[in-house]
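K.L.:
Chains as they are written, first to last, in our numbering: chain A, 5 to 311; chain B, 18 to 292.
1. Between which two residues does the beta strand (DSSP E) holding residue 291 (chain A) run?
2. Terminal residues of the continuous alpha helix (DSSP H) containing residue 150 (chain A)?
3. The beta strand (DSSP E) spanning residue 218 (chain A) covers which residue range?
4. So residue 116 (chain A) is in the alpha helix (DSSP H); what residue range does that whole segment cover?
5. Please list, in chain order, the chain A residues whose beta carbon lies closer than 8 Å to that of residue 117 (chain B).
6. Would residue 280 (chain B) pass as an interface residue toward chain A - the criterion being a Cβ-Cβ separation below 8 Å?
7. Could you run through the stretch 82–100 of chain A and flag, in chain order, every residue whose CB is less than 8 Å away from some CB of chain B?
8. Kindly indicate if chain A contains any beta-carbon less than 8 Å away from that of residue 87 (chain B).
9. If we ignore side chains and look at the alpha-carbon of each, how far apart do residue 209 (chain A) and residue 226 (chain A) end up?
10. Measuring only the C-alpha atoms, how far is residue 213 (chain A) from residue 56 (chain A)?
11. Please work out which residues of its chain come closer than 7 Å, Cβ to Cβ, to residue 179 (chain A), disregarding the five sequence neighbours upstream and downstream, and give them in chain order.
12. Show which residues of chain B have a CB atom less than 9 Å away from the CB atom of residue 207 (chain A).
13. Ignore the nearest five residues each way along the sequence and tell me which others in residue 105 (chain B)'s own chain have a CB closer than 7 Å to its CB.
14. Going by beta-carbon coordinates alone, are residue 75 (chain A) and residue 16 (chain A) separated by less than 8 Å?
15. Could you list the residues in the stretch 257–283 of chain A with a C-beta less than 7 Å from some C-beta on chain B, going in chain order?
16. For residue 204 (chain A), count neighbouring C-beta atoms within 10 Å of its own C-beta (all shown protein chains included) and say buried if the count is 16 or more, exposed if not.
17. When the distance is taken between beta carbons, is residue 107 (chain A) closer than 8 Å to residue 156 (chain A)?
18. With a threshold of 8 Å between beta carbons, is residue 42 (chain B) in contact with chain A?
19. Rounded to whole angstroms, what's the CA-CA distance from residue 138 (chain B) to residue 164 (chain B)? Just pull it up for me.
20. Would you mind listing the alpha helix (DSSP H) stretches within the stretch 63–102 of chain B that are 4+ residues and don't spill past its ends, in chain order?
21. In the structure shown, what three-state DSSP assignment does residue 204 (chain B) receive?
22. From residue 110 (chain A) to residue 150 (chain B), what distance separates their C-alpha atoms?
23. Nearest by alpha-carbon distance to residue 213 (chain B): which of B:129, B:244, B:24 is it?
24. Can a CB atom of chain A be found closer than 8 Å to the CB of residue 190 (chain B)?
25. According to DSSP, residue 193 (chain A) sits in a beta bridge with which residue or residues?
26. To the nearest angstrom, how far is it from the Cα of residue 202 (chain A) to the Cα of residue 111 (chain B)?
27. With H, G and I counted as helix, E and B as strand and the rest as coil, what does DSSP make of residue 278 (chain A)?
28. Hey, how far is the Cα of residue 98 (chain A) from the Cα of residue 35 (chain B)?
29. So which of A:21, A:181, A:263, A:47 has the shortest CA-CA distance to residue 216 (chain A)?
30. Provide the residue(s) that pair with residue 235 (chain A) in DSSP beta bridges, ordered along the chain.
31. Can you list, in chain order, the residues of its chain with a C-beta nearer than 7 Å to that of residue 115 (chain B)? Leave out the 5 residues immediately preceding and following it.
32. What residues of chain A sit near residue 106 (chain B), judged by a beta carbon separation below 7 Å?
33. Could you work out which residues of chain A lie near residue 241 (chain B), taking near to mean beta carbons separated by less than 9 Å?
34. Give me, in chain order, the residues of the same chain whose beta-carbon lies closer than 8 Å to that of residue 192 (chain B); leave out the 5 immediate sequence neighbours on both sides.
35. Which residue's Cα is closest to the Cα of residue 302 (chain A): A:220, A:236, A:265?
36. Can you tell me which of A:88, A:36, A:295 puts its alpha carbon nearest to the alpha carbon of residue 52 (chain A)?
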């Protein structure tokens with residue numbers, strides 16, 4: 005049986021007259037990675053903050069592991085781990101002290117604390133910086149310490165609010181390695197917000213949010229299939245024949261700016277293969293691009309996510 | 018519950034230990050006041066048996082007051098640094114957090130007070146075990162009272178830096194009008210009403226009464242020494258003063274826990290720390 009870790013029904017959040025989140029509904033299956041994708045101000049953080057019990061909803065029903073976030077705050081808080089957009093570590097304390105304090109707050113049994121702290125520090129490669137005051141760490145290390153802290157009480161659901169924003173590409177990749185490692189080891193559900201497309205690609209499900217509304221919600225694969233096409237850029241010695249063929253077969257296309265290459269937008273893999281086999285001899289240059297989530301985003305919202 | 022409160026207390030104490038500048042800054046301030054007012058006391062405190070001890074006892078308790086009031090507002094720093102968010106999403110009751118903060122601040126203020134007591138010992142202050150314990154108890158009571166007040170004020174503030182300044186501006190003159198540095202007997206009659214409604218007057222009186230071993234003195238002598246007050250014939254004895262402190266503790270503690278439970282900390286505006 006499929007169990008849902010997160011259930012959101014008709015959730016609305018208003019700040020005065022401003023509607024930050026407008027009647028959204030979605031569910032997240034246990035053990036999956038779910039991404040909330042959208043530009044700044046789309047309502048991502050508002051949703052996370054409400055799910056994490058630090059903001060009150062205006063309308064709707066939000067549940068984590070079956071517990072309502074408004075009425076059973078402590079049960080919800082016990083089950084979740086959060087890595088906020090901004091640092092929430094105590095800079096004057098050491099990494100280890102931050103983690104131990106967290107363990108106390110989350111009622112981790114005393115005799116397990118040491119073992120767990122070691123486990124998560126190893127997971128994020130910070131074992132040798134355990135005694136260092138948080139203020140002395142680099143941005144990437146702080147982020148990793150923060151992730152370690154979010155995990156040390158073994159949450160069932162982990163919220164990551166833009167976990168890799170402001171990190172260099174290498175550290176970002178590392179952070180993602182850790183997240184995957186952990187998800188496999190502990191089968192936790194991960195809910196993340198991001199505006200990095202490539203991060204959303206590896207999630208099980210993606211919801212695209214814009215202006216407080218969910219405008220698309222599916223697997224990255226289905227979204228790309230539905231909203232994007234495969235683009236082929238071909239230079240052929242029999243250009244006219246190719247154009248005729250495309251016209252006859254009703255395949256969307258246009259001439260590229262250089263008047264030599266033909267841009268072909270194929271919705272089916274079959275089309276791609278056929279064109280290649282028919283014009284095999286005459287193709288001088290070919291470039292095939294699969295649609296990305298960025299294309300999906302542009303197709304749906306008509307704008308690009310700014311980074 | 019005990020574990021949570023304990024953790025918050027030890028965290029705040031660790032922070033104090035690392036923030037030596039704050040610790041010694043306060044100590045320096047108290048030392049300075051002691052130095053400056055010792056001259057004033059020499060000329061004004063003629064009717065007193067031990068003018069220096071009289072002054073030191075006032076400085077000790079005002080140190081406890083200032084430290085507890087300002088340090089409990091350090092929670093505003095936790096809000097601006099983001100750490101508050103970590104606490105708020107943890108499965109712990111808000112009132113545990115509030116109590117943890119009040120207790121740790123009170124402990125810090127007692128430590129600061131004890132440092133002045135230590136200095137006082139070299140200046141002729143004599144303390145026996147019973148009085149010593151009584152003093153610590155009263156310092157703790159005062160510390161708890163004003164940490165609660167500070168925490169309450171912090172939770173109702175919307176803008177941290179201005180607010181802290183405002184509290185300083187109001188509390189500092191009150192310490193001067195409490196009889197701690199200048200005996201109330203020496204103050205001009207015009208400002209006596211302010212002295213009488215100033216809660217610090219009674220805080221100082223009760224502590225001074227205990228520190229200077231005045232248990233066996235009659236009311237008239239207590240009034241003459243400025244540790245009891247006759248207002249329109251009604252005598253506020255040091256014992257009543259202690260009652261006033263306890264009453265304040267109950268009120269402030271209730272207010273701060275109540276407010277803390279329902280406060281929305283995301284609204285506090287602070288100067289963003291540059292990282």
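Beta carbons are placed, not taken as given, at the ideal position from N, Cα and C, and that holds for glycine. Note that the coordinates shown come from a computational prediction; the quantities given were computed from them, not determined experimentally.
P.N.:
The structure says:
1. Counted from its first residue, the first chain places residue 291 (chain A) at position 287. Per DSSP, residue 291 (chain A) belongs to the beta strand (DSSP E) from 287–293.
2. Looking up residue 150 (chain A) in the first chain gives position 146. That run of the alpha helix (DSSP H) goes 143–155.
3. Against the first chain, residue 218 (chain A) aligns to sequence position 214. That run of the beta strand (DSSP E) goes 217–222.
4. As a working note, residue 116 (chain A) is residue 112 in the first chain. Per DSSP, residue 116 (chain A) belongs to the alpha helix (DSSP H) from 114–127.
5. Counted from its first residue, the second chain places residue 117 (chain B) at position 100. Near residue 117 (chain B) there are no residues of chain A at all, since even the closest Cβ is about 11 Å away, more than 8 Å.
6. Position 263 of the second chain, counted from the first residue, corresponds to residue 280 (chain B). Residue 280 (chain B) does not count as touching chain A.
7. 82, 84, 86, 88, 90, 91, 92, 93, 94, 95, 96, 97
8. If you number the second chain from 1, residue 87 (chain B) lands on position 70. No, residue 87 (chain B) does not count as interfacial toward chain A.
9. Counting from one through the first chain, the residue named residue 209 (chain A) turns up at place 205. Counting from one through the first chain, the residue named residue 226 (chain A) turns up at place 222. Near 9 Å, if we compare the C-alpha coordinates of residue 226 (chain A) and residue 209 (chain A).
10. Counting from 1 along the first chain, the entry for residue 213 (chain A) is found at position 209. Counting from 1 along the first chain, the entry for residue 56 (chain A) is found at position 52. Rounded to whole angstroms, residue 213 (chain A) to residue 56 (chain A) spans 18 Å at the Cα level.
11. Taking the first residue of the first chain as 1, we reach residue 179 (chain A) at position 175. Hits under 7 Å: 147, 148, 151, 167, 168, 171.
12. In the first chain, the residue the question calls residue 207 (chain A) occupies position 203. What residue 207 (chain A) touches in chain B: nothing, since even the nearest Cβ is about 23 Å away.
13. Looking up residue 105 (chain B) in the second chain gives position 88. Counting only Cβ-Cβ distances below 7 Å, and skipping sequence neighbours, we find 282.
14. Counting from 1 along the first chain, the entry for residue 75 (chain A) is found at position 71. Counting from 1 along the first chain, the entry for residue 16 (chain A) is found at position 12. Taking 8 Å as the Cβ cut-off, residue 75 (chain A) and residue 16 (chain A) do not qualify as a contacting pair.
15. none
16. For this step, residue 204 (chain A) is matched to residue 200 along the first chain. So residue 204 (chain A) ends up on the buried side.
17. As a first step, residue 156 (chain A) is located in the first chain; it is residue number 152 there, counting from the start. As a first step, residue 107 (chain A) is located in the first chain; it is residue number 103 there, counting from the start. Closer than 8 Å, so yes.
18. Along the second chain, read from residue 1 onward, the residue named residue 42 (chain B) stands at position 25. Not an interface residue.
19. Counting from one through the second chain, the residue named residue 138 (chain B) turns up at place 121. Counting from one through the second chain, the residue named residue 164 (chain B) turns up at place 147. Approximately 27 Å between the Cα atoms of the pair.
20. 68–89, 92–98
21. Stepping through the second chain from its first residue, residue 204 (chain B) is reached at position 187. In this structure, residue 204 (chain B) counts as coil in the three-state DSSP scheme.
22. By one-based count along the first chain, residue 110 (chain A) stands at place 106. By one-based count along the second chain, residue 150 (chain B) stands at place 133. So the alpha carbons of these two residues sit roughly 36 Å apart.
23. Within the second chain, residue 213 (chain B) is the residue found at index 196, counting from 1. Closest option to residue 213 (chain B), Cα to Cα, is B:244.
24. Walking along the second chain from the start, residue 190 (chain B) turns up at place 173. So, not an interface residue.
25. On the first chain, position 189 is the one that residue 193 (chain A) refers to. Beta-bridge pairing links residue 193 (chain A) to A:161.
26. Indexing the first chain from 1 puts residue 202 (chain A) at position 198. Indexing the second chain from 1 puts residue 111 (chain B) at position 94. Their Cα atoms are separated by approximately 39 Å.
27. The sequence position of residue 278 (chain A) within the first chain is 274, counting from 1. Helix.
28. Mapped onto the first chain, residue 98 (chain A) falls at position 94. Mapped onto the second chain, residue 35 (chain B) falls at position 18. If you take the alpha carbons of residue 98 (chain A) and residue 35 (chain B), they lie about 11 Å apart.
29. As a first step, residue 216 (chain A) is located in the first chain; it is residue number 212 there, counting from the start. Closest by alpha carbon: A:47.
30. As a working mapping, residue 235 (chain A) is identified with position 231 in the first chain. DSSP, once it has assigned bridges, lists A:269, A:293 as partnering residue 235 (chain A).
31. For this step, residue 115 (chain B) is matched to residue 98 along the second chain. These residues qualify, in order along the chain: 168, 273, 274, 277.
32. On the second chain, residue 106 (chain B) is found 89 positions in, with the first residue counted as 1. Those are 56, 57, 58, 81, 86, listed as they occur along chain A.
33. Mapped onto the second chain, residue 241 (chain B) falls at position 224. Chain A residues near residue 241 (chain B): none, gap ~49 Å exceeds 9 Å.
34. Stepping through the second chain from its first residue, residue 192 (chain B) is reached at position 175. 79, 82, 83, 198, 217.
35. Against the first chain, residue 302 (chain A) aligns to sequence position 298. Selected option, being the one with the closest Cα: A:220.
36. Locating residue 52 (chain A) in the first chain gives position 48, where the first residue counts as 1. With distances taken between Cα atoms, residue 52 (chain A) lies closest to A:88.
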